[in-house]
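J.: Taken in sequence, the protein lines are chains A and B.
When the first sequence is numbered by our numbering, its final residue is 207 and no position is left out of the sequence of numbers.
When the second sequence is numbered by our numbering, its final residue is 1207 and no position is left out of the sequence of numbers.
Ideal Cβ positions, reconstructed from N, Cα and C, are used throughout, including at glycine.
I'd like to ask some things about the structure below.
There are 2 protein chains.
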Amino acid sequence: MFGNTQQGLLVVLSAPSGCGKDTVLSELDNRLEIRRSVSMTTRAIRPQETDGVDYYFVDEPYFLKMLAEDKILEYTSYSGHYYGTPRQAVDEWLRAGETVVLKIEVEGAENVRRLYPDSISIFLVPPSMHVLEERLRKRSSESEEEIQSRMTIARSEMQHATQYDYIVVNDRLDDAVSDIRAIIRSERHKTSRCGNIISEVIHHAES
Amino acid sequence: MFGNTQQGLLVVLSAPSGCGKDTVLSELDNRLEIRRSVSMTTRAIRPQETDGVDYYFVDEPYFLKMLAEDKILEYTSYSGHYYGTPRQAVDEWLRAGETVVLKIEVEGAENVRRLYPDSISIFLVPPSMHVLEERLRKRSSESEEEIQSRMTIARSEMQHATQYDYIVVNDRLDDAVSDIRAIIRSERHKTSRCGNIISEVIHHAES
Chain A
1 MFGNTQQGLL VVLSAPSGCG KDTVLSELDN RLEIRRSVSM TTRAIRPQET
51 DGVDYYFVDE PYFLKMLAED KILEYTSYSG HYYGTPRQAV DEWLRAGETV
101 VLKIEVEGAE NVRRLYPDSI SIFLVPPSMH VLEERLRKRS SESEEEIQSR
151 MTIARSEMQH ATQYDYIVVN DRLDDAVSDI RAIIRSERHK TSRCGNIISE
201 VIHHAES
Chain B
1001 MFGNTQQGLL VVLSAPSGCG KDTVLSELDN RLEIRRSVSM TTRAIRPQET
1051 DGVDYYFVDE PYFLKMLAED KILEYTSYSG HYYGTPRQAV DEWLRAGETV
1101 VLKIEVEGAE NVRRLYPDSI SIFLVPPSMH VLEERLRKRS SESEEEIQSR
1151 MTIARSEMQH ATQYDYIVVN DRLDDAVSDI RAIIRSERHK TSRCGNIISE
1201 VIHHAES
């Protein structure tokens, strides 16, 4: 009954590659009313991908124009391509009181924290680095060199975990999803987010 | 797998009288592994009460001796009787990594916050003051004067709600219980409480 008077909740989710971030997000999507921001990229679309679902695929001049107009709230470049989060949809969803989940890299997360001080951040970790390496191998889409490179990046990303508000271990998928749902539900009850409930409750008495 | 290396979680729960605090606590008890502290009081035991379950019933000299020895972590006096929370059990449960819930008044809550800075506090509110008054009337154990006196106290207690970390509206019992369970689950994942997970995850890789 009080939900609609509140600003939405912005949730930043980061994890080393291979940690099951996308599976966790799909499950969250199925079980909970969340909005997932679709990133914009300048890299080429791959056969199994859909424009507007996996990414918005745009050319570099368009991306740079959006950036110049402050319409991208965080971005990174990787292998010569840009990846960024369009700002407009996020702001509209938040104004409508919705829960918006952004899947972003550690550098991007710092930027979001600065721009949206009320946002919360969750770092998803594997149960062990050994399990992470096994999971990367199972995808079998990558060479040994690529796997080792991802492991090096993962170790370095893990060092940023303590900058996040919450740490969730993705050992069993169901547990990790339930943990994140609990975090989102819990944050909705933070006094800083719902302090006006008190005056509403008292006000009702007089009316 | 990491739970046992952590310190437990101390949860302070306060609410105006008639808000359903005891029902919520019983439900939490049934569905979740929590420890409920039993208060100590100098008032006389009532027919339907059990010593050691509802309260520890003690005489005033014993209570004052415990207080002098710093063995009571918060206390209050009401209608000439003392009510306090014995410290030893709480500290032992916390050392054992358990979740301990203390049902206490707003003044006591401030004390606990000072003594246990890692504790969290939840304020339970009725959906409206009108509903609270109805609930008090339904108990029908109190005179009109007592009901009005409780309403006045409730309004004054509500002013303290914003000093709490979380606010939960007890409209539907099931929702309120689920909210509190989510808060407890979520707090377990706060980076400040589980920062050592990162070194454990990385360490596992090397072993």
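Determine which residues share a DSSP beta bridge with B:Y1056 and list them.
T.: B:M1040
J.: Between B:R1185 and A:A182, which are expected to be in contact by the criterion C-beta below 8 angstroms, what is the C-beta distance as a whole number of angstroms?
T.: About 4 angstroms; that satisfies the 8 angstroms criterion.
J.: Thinking just about the alpha-carbon of each residue, which of B:V1012, B:E1092 and B:G1008 is nearest to the one in B:R1114?
T.: B:V1012
J.: Among B:L1010, B:E1107 and B:V1169, whose alpha-carbon lies nearest the alpha-carbon of B:A1096?
T.: Minimum Cα distance to B:A1096 is reached at B:L1010.
J.: Residue ranges of each beta strand (DSSP E) run of no fewer than 3 residues wholly in the segment 1153–1189 of chain B, ordered along the chain?
T.: 1166–1169
J.: Which residues of chain B have a Cβ atom closer than 8 angstroms to the Cβ of A:P126, listed in chain order?
T.: V1201
J.: Please identify the residue among B:I1104, B:G1080 and B:D1022 whose C-alpha is closest to the C-alpha of B:L1173.
T.: Nearest of B:I1104, B:G1080 and B:D1022 to B:L1173, Cα basis: B:D1022.
J.: Tell me which residues share the same chain as B:I1072 and place their Cβ nearer than 8 angstroms to its Cβ, disregarding the 5 neighbours each side in the sequence.
T.: Closer than 8 angstroms at Cβ, skipping near neighbours: M1040, F1063, M1066, G1084, T1085, P1086 and R1087.
J.: Give the C-beta separation of A:Y82 and A:E60 to the nearest angstrom, bearing in mind that I take them to be a contact with Cβ-Cβ under 8 angstroms.
T.: 7 angstroms
J.: Within the continuous alpha helix (DSSP H) that includes A:T23, where are the two ends?
T.: K21 to R31
J.: Where A:D54 and A:A176 are concerned, what is the direct C-alpha to C-alpha distance, given to the nearest angstrom?
T.: As the crow flies, the alpha-carbon of A:D54 is around 23 angstroms from that of A:A176.
J.: Hey, A:I120 and B:M1158 are a contact pair by Cβ (cut 8 angstroms); roughly how many whole angstroms apart?
T.: Incorrect: roughly 27 angstroms between the Cβ atoms, too far for contact.
J.: Residues in the same chain with beta-carbon distance under 8 angstroms from B:Y1056, minus the five sequence neighbours each way, listed in chain order, please.
T.: V1038, S1039, M1040, T1041 and P1086
J.: Spatial neighbours of B:G1052 within its chain, please: C-beta separation below 8 angstroms, excluding the five flanking residues on both sides.
T.: Close CB contacts of B:G1052 within its chain, under the 8 angstroms cut and outside five residues either way in sequence, are with V1038 (chain order).
J.: Does DSSP put B:T1213 in a helix, a strand or coil?
T.: Beyond the ends of chain B as shown, which are 1001 and 1207, falls residue 1213 of chain B; an answer cannot be given.
J.: With 8 angstroms as the threshold, decide whether the Cβ of B:I1183 is near any Cβ in chain A.
T.: Chain A contact via Cβ: present.
J.: What's the gap between the Cα of B:L1124 and the Cα of B:I1153?
T.: 15 angstroms
J.: Any C-beta of chain B within less than 9 angstroms: which residues of the segment 77–93 of chain A qualify?
T.: none
J.: List the residues of chain B that A:T162 touches, going by C-beta distances under 7 angstroms, in chain order.
T.: T1191, G1195 and I1198
J.: Taking the alpha-carbon positions, what's the A:S156 to A:E142 distance?
T.: The C-alpha of A:S156 lies about 20 angstroms from the C-alpha of A:E142.
J.: At the 8 angstroms Cβ level, is B:I953 part of the contact set with chain A, yes or no?
T.: The question about residue 953 of chain B has no answer, for chain B in this structure spans 1001 to 1207.
J.: For my contact list, A:P127 and A:D171 are in at a C-beta cut-off of 8 angstroms; report their separation, rounded to the angstrom.
T.: A:P127 to A:D171, Cβ: 4 angstroms. Contact.
J.: So A:Y166 contacts chain B; which residues on that side make the cut at Cβ distance below 9 angstroms?
T.: S1186, H1189, K1190, T1191 and C1194
J.: Kindly list the residues whose CB is nearer than 8 angstroms to the CB of B:L996, restricted to its own chain and excluding five residues on each side of it in sequence; keep chain order.
T.: Residue numbering for chain B in the displayed model covers 1001 to 1207; residue 996 of chain B lies beyond these limits and cannot be assessed.
J.: Are the beta-carbon atoms of B:Y1078 and A:T191 separated by less than 8 angstroms?
T.: no
J.: Distance cutoff 8 angstroms, beta carbons only. Does B:D1174 sit that close to anything in chain A?
T.: False, the Cβ-Cβ gap to chain A never drops below 8 angstroms.
J.: Strictly below 8 angstroms CB to CB, what residues from chain B border A:M158?
T.: For A:M158, the chain B residues whose Cβ falls inside 8 angstroms of its Cβ are I1198, V1201 and I1202, in order along the chain.
J.: Sort B:V1058, B:L1094 and B:E1069 by Cα distance to B:Q1007 and report the nearest one.
T.: B:L1094
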